[in-house]
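Structure, as structure tokens:
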Amino acid sequence: AQRVTQPEKLLSVFKGAPVELKCNYSYSGSPELFWYVQYSRQRLQLLLRHISRESIKGFTADLNKGETSFHLKKPFAQEEDSAMYYCALSDYNYGQNFVFGPGTRLSVLP
Amino acid sequence: NAGVTQTPKFQVLKTGQSMTLQCAQDMNHNSMYWYRQDPGMGLRLIYYSASEGTTDKGEVPNGYNVSRLNKREFSLRLESAAPSQTSVYFCASRQGALNEQYFGPGTRLTVT
């Protein structure tokens, strides 16, 4: 079965420090990976997806098929990055199923 | 475009009461989803509809029913609410199997 894990429930960093949010998945096919962000009391919104290979708000993520990971990175964290981050996986072979990880709350301290 | 809309925004129910959460999207998406979000549990899929006229169970379907009324609308019904159903409910939609999901603003439900 597909599974997405995010080992850290809470990650606290100081403003200006690098940040890495970890995501690992277990799936034998070729999934599509996403990062979603949820700011306080707002709806989830797409941050980035691996197929587009773009940098959004300074965040990047690289798909490592060997390690089955899709970690989210930003070189210099900002206070406005404080939010809940969800890693998610989708695959055509599983129809419309879309699996989310448990989420990591990022807190950027001043 | 309004995107994905949900009503109501907040609801308080007593145990045993029933209610329907409404969701609509104006993006002509084929697939629609219902999730619940609980602290420490992330998002869990309740039901989804791959296309108009079809629905399938997700990870936590017990206690819920859904109706895909047409391509735009996908409702979630609680027939007999229980305190364990206290949660924030999100509706989402997407066009294809590999595309991103678009989320509604959520419904905060409390069952006492």
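Top line first, the protein sequences correspond to chains A and B.
Our numbering applies: residue 94 is where the first sequence begins, and numbers increase by one.
Our numbering applies: residue 11 is where the second sequence begins, and numbers increase by one.
All C-beta atoms in this analysis are idealised placements derived from N, C-alpha and C, irrespective of residue type, glycine included.
- Within the region 152-176 of chain A, the beta strand (DSSP E) runs of at least 3 residues that lie entirely inside it are, in chain order, 153-157, 162-167.
- Exclusion of the five residues before and after R87 (chain B) leaves S28, M29, T30, L31, Y74, N75, V76, S77 as the residues of its chain whose Cβ lies within less than 8 Å of its Cβ.
- Between L53 (chain B) and chain A, the shortest Cβ-Cβ separation is below 7 Å.
- Less than 7 Å divides the Cβ of V201 (chain A) from the Cβ of E172 (chain A).
- Fewer than three beta-carbon pairs drawn from the region 125-136 of chain A and the region 31-41 of chain B are found closer than 8 Å, and the two stretches are therefore not classed as touching.
- At a cut-off of 7 Å, the C-beta of F20 (chain B) has no neighbouring C-beta in chain A.
- D66 (chain B) is bridged by DSSP to B:Y58.
- Within the region 142-154 of chain A, contact with chain B at the beta-carbon level (separation under 8 Å) is assigned to R142, I144.
- Using a CB distance cut-off of 7 Å, P195 (chain A) counts as an interface residue toward chain B.
- With three or more CB-CB distances shorter than 8 Å, the region 34-45 of chain B counts as touching the region 99-111 of chain B.
- Residue A:K115 holds the alpha-carbon nearest to the alpha-carbon of G196 (chain A) among A:K108, A:K115, A:S183, A:G109.
- Looking at the DSSP output, E125 (chain A) bridges to A:S183.
- One alpha carbon belongs to S61 (chain B), the other to Q99 (chain A), and they sit about 30 Å apart.
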